[in-house]
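Residue numbers (our numbering): 9 to 182. Backbone N, C-alpha and C fix where the C-beta goes; we use that ideal spot for every residue, glycine too. Fair warning: this is a prediction, and the values are worked out from it, not measured in the lab. Below is one structure; the comments refer to it alone.
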Amino acid sequence: MSVKKRSEKLKTINGFFEIQLKINGEAKNLKVKSNEFLLDALRRCGWRGAKKGCDTGDCGSCAVLMNGKAVLSCLTPAVKAHIADITTIEGMGTFEKPHPIQEAFVETGAVQCGFCIPGMILSAKDLLDRNPEPDEDMIKHALDGNLCRCTGYVKQIEAVKLAAKRLKSDKVIR
Ligand code: FES
Ligand code: FES
């Protein structure tokens, strides 16, 4: 069922709110607490791709897309995801069929321990969906909230440039 056709009114059940949303294209109902953040709700319900790094909005490892825009799920109240489309890293690609952005990150050596990568990839997707031909400053700006303890940030910029080139030449629509 389309999320947009669902009731916009939040239901409460035994002190929990029931939010209706789409996660990676599938309609879901999640029971969340009024003070629960989206990161915790997603991880509690089985979407563990978004990582809990700082939990204070400083590292970007928890980034997910909400209605196509990258948000920090550790600072986003879960109830705000009611009637939203959420994309987590699990919705980007599979091991057998990775998304071109994921392929580019691996091929350029941008992935080391991997902890920061889900957030980086979703920030990159937000950018490339809005601007398929970003220059280096735009890429740096898009990724500047995503901290990485392993790399010097050069490889991730190369990865986004490669992904942009591939997405353009392959005309991949995702
Ligand atoms: S865990 Fe959300 S910004 Fe660090
Ligand atoms: S690859 Fe390890 S934190 Fe970025």
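- Beta-carbon proximity check, ALA92 vs LEU29, cutoff 8 Å: Looking up residue 92 in the sequence shown gives position 84. Looking up residue 29 in the sequence shown gives position 21. Yes, these two residues count as a Cβ contact at 8 Å.
- Could you tell me the distance, in whole angstroms, from the CA atom of LYS59 to the CA atom of LEU155? Counted from its first residue, the sequence shown places residue 59 at position 51. Counted from its first residue, the sequence shown places residue 155 at position 147. Computed Cα separation, rounded: 12 Å.
- Message: Given 7 Å as the limit, tell me if LYS60 has its C-beta closer than that to any heavy atom belonging to ligand 1.
- Response: Residue numbering aside, residue 60 sits at position 52 when the sequence shown is read from its first letter. LYS60 Cβ: within cutoff of ligand 1.
- How many angstroms separate the CA atom of VAL114 from the CA atom of ILE21? As a first step, residue 114 must be located in the sequence shown, where it is residue number 106. As a first step, residue 21 must be located in the sequence shown, where it is residue number 13. Taking the straight line joining both Cα atoms gives about 44 Å.
- Message: Any residue with its C-beta under 5 Å from a non-hydrogen atom of ligand 2 counts. Can you list them all in chain order?
- Response: GLN120, CYS121, PHE123, CYS124, CYS156, ARG157, CYS158
- Task: Quickly, what does DSSP pair ILE165 with across the bridge? List them, please.
- Result: Your numbering for residue 165 matches position 157 in the sequence shown. According to DSSP, ILE165 bridges with nothing at all.
- Task: Tell me whether GLN30 sits in a helix, a strand or coil according to DSSP, three-state version.
- Result: Residue mapping note: residue 30 aligns to position 22 of the sequence shown, counting from 1. The sequence given here has Lys at residue 30, not Gln. LYS30 falls in the strand class under three-state DSSP.
- Would you identify the three-state DSSP class for PRO106, choosing helix, strand or coil? Locating residue 106 in the sequence shown gives position 98, where the first residue counts as 1. Correct three-state label for PRO106: coil.
- Near ligand 1: ASP63 beta-carbon under 7 Å from a heavy atom: The count along the sequence shown starts at 1 and reaches residue 63 at position 55. ASP63: yes, Cβ under 7 Å from ligand 1.
- Task: Pair every Cβ in the region 164-171 with every Cβ in the region 128-145, then say whether three or more of these pairs are closer than 8 Å.
- Result: Touching, per the Cβ criterion.
- Should VAL162 be labelled buried (16 or more other beta-carbon atoms within 10 Å of its own) or exposed? Here the question's residue 162 lines up with position 154 in the sequence shown. So VAL162 ends up on the exposed side.
- Message: Between VAL119, ARG138, LEU18, PRO108, which has its C-alpha nearest PHE158's C-alpha?
- Response: Counted from its first residue, the sequence shown places residue 158 at position 150. Reading off the sequence shown, one finds Cys at residue 158, where the question assumed Phe. Taking only the C-alpha atoms, the option nearest CYS158 is VAL119.
- For the region 78-97 against the region 27-43, are there 3 or more C-beta pairs whose distance is under 8 Å? yes
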